[in-house]
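Notes for the one structure printed next.
In this note's numbering, the protein residues as written are 879 to 1142.
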């Protein structure tokens, strides 16, 4: 069987999703593989829809694994949650048809970056929101976002995940399709600013550096026109630096309707 699961995790103490050498520290993929193997008794590989960076969270990650176990999907969900640490939770589980792949079947991924924009920090949101004490003009940030929309070279904000894969020699392109890009304040709690992005795929570090550059626009240290020029030039040498990972969360992965996992 192919089992797909919706995963939520607090990435604070993980060195990203993707499995690494044990000496590098724990990863979400490694933690999930240990849990699946413990239940099935067979060494199992877990594949994820998005390879989130160290410290990045997820509320809508999707994974899949193959198993010869005859456990039902509901038993899998309960068993995994029983052995996983509290920082990783399986929200749903579903048996999938042959041909489904958590990463390669995905049509889009959506990320939200959360900013706490107030003079003083907040203890209760400190693990999940970046504290920016300087006043931010969210209207300018949102105006700048329109230059991110469409299919283009996003080389100004990241690099291809394949750059670190010795099995895929380069050069690798940085062209992606941005379907949604916006910045807005929370209607009920104005200290909270959300930067939302949906694309067919993302470069490594792309969302964090886009946010870091948009923060300069919000502080009026960079004009909207200058931001547009950075996007158009697609060169990494510009003032924007990557925002901290703690504010970033993978919130949704969309698949073709035939798989029946959207909206789980």
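Heads up, the beta-carbon is just placed ideally off N, CA and C, and yes, glycines get one too.
Host beta strand (DSSP E) of residue 1056 (start-end): 1053-1063 is the span of the beta strand (DSSP E), which, as asked, contains residue 1056.
DSSP three-state assignment for residue 1016, whether helix, strand or coil: The three-state secondary structure of residue 1016, taken from DSSP, is helix.
query: Roughly how many angstroms separate the alpha carbons of residue 1033 and residue 982, rounded to a whole number?
result: Approximately 22 Å between the Cα atoms of the pair.
message: Could you tell me the alpha carbon to alpha carbon distance between residue 1109 and residue 957, rounded to whole angstroms?
response: Between residue 1109 and residue 957, the C-alpha separation is close to 46 Å.
Distance, residue 909 Cα to residue 1076 Cα: Between the alpha carbons of residue 1076 and residue 909 lies a distance of about 27 Å.
- request: Kindly indicate which three-state DSSP category residue 1107 falls into: helix, strand or coil?
  value: Residue 1107: helix per DSSP, three-state reduction.
N-terminal and C-terminal residue of the beta strand (DSSP E) that residue 886 is part of: In the DSSP assignment, residue 886 falls within the beta strand (DSSP E) that extends over 880-887.
field: Limits of the alpha helix (DSSP H) - the one that residue 1139 falls within
entry: Segment: none, residue 1139 is in no alpha helix (DSSP H) and carries neither H nor E.
- prompt: To the nearest angstrom, how far is it from the Cα of residue 1115 to the Cα of residue 1019?
  reply: Near 20 Å, if we compare the C-alpha coordinates of residue 1019 and residue 1115.
message: Taking the alpha carbon of residue 1004 as the reference point, which residue from 1128, 1136, 1124, 883 has its own alpha carbon closest?
response: Comparing Cα-Cα distances from residue 1004 to each of 1128, 1136, 1124, 883, the minimum goes to 1124.
- prompt: From residue 1069 to residue 995, what does the alpha carbon distance come to, in whole angstroms?
  reply: The straight-line gap from Cα to Cα measures roughly 5 Å.
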